[in-house]
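Numbering (the working numbering), first residue to last: 187 to 347.
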């Protein structure tokens with residue numbers, strides 16, 4: 187088994203473990219917010235993978251970012267693209283997973299990962315449901331960069347790379 191094979195196997199395991207929180211215990215209030223389930227699970231998968239491969243954290247993070255970014259851009263530039271927030275679906279596709287994760291990673295990278303995780307933990311309810319407003323509130327309350335607040339709704343409601 188190559189390192190890439192191990193990374194891919196770990197991606198699936200870590201993604202599903204992330205769903206124990208984002209998807210099982212805390213779920214979107216509406217179907218059109220489903221991208222948050224998959225986006226958060228994909229975003230936190232990367233963090234879990236860093237724990238699984240501590241000696242290879244930089245490689246794993248770069249590989250996950252490369253794969254997810256390439257998939258998100260390719261899908262969002264295709265004829266079948268759609269906004270993250272959509273009432274008519276599709277709800278489980280690459281846009282939902284990759285673009286959702288890339289949006290959360292963008293906010294995290296601008297704010298700083300520790301600040302982002304702290305803000306998310308204070309904005310999420312203890313359990314059950316949430317809506318797309320969570321990342322918007324995190325961005326709005328960001329002391330780092332006011333531009334995040336204005337960009338987030340466009341990224342969630344728009345389509346096209």
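C-beta atoms are modelled at their ideal positions from N, C-alpha and C, and glycine is treated no differently.
- Annotation for residue 213: the continuous beta strand (DSSP E) segment containing it runs 212–214.
- Following the DSSP letters along the chain, one finds residue 258 inside the alpha helix (DSSP H) bounded by residues 243–262.
- A straight-line Cα-Cα distance of about 23 angstroms links residue 203 and residue 298.
- Residue state for residue 208 is assigned as strand, using DSSP reduced to three classes.
- Selection 278, 231, 293, 296 evaluated against residue 219 yields 278 as nearest (Cα-Cα).
- Proximity of the stretch 281–294 to the stretch 246–262 meets the contact definition, three or more beta-carbon pairs being nearer than 8 angstroms.
- Annotation for residue 237: the continuous alpha helix (DSSP H) segment containing it runs 220–238.
- Per DSSP, residue 293 is one residue of the alpha helix (DSSP H) stretching across 286–297.
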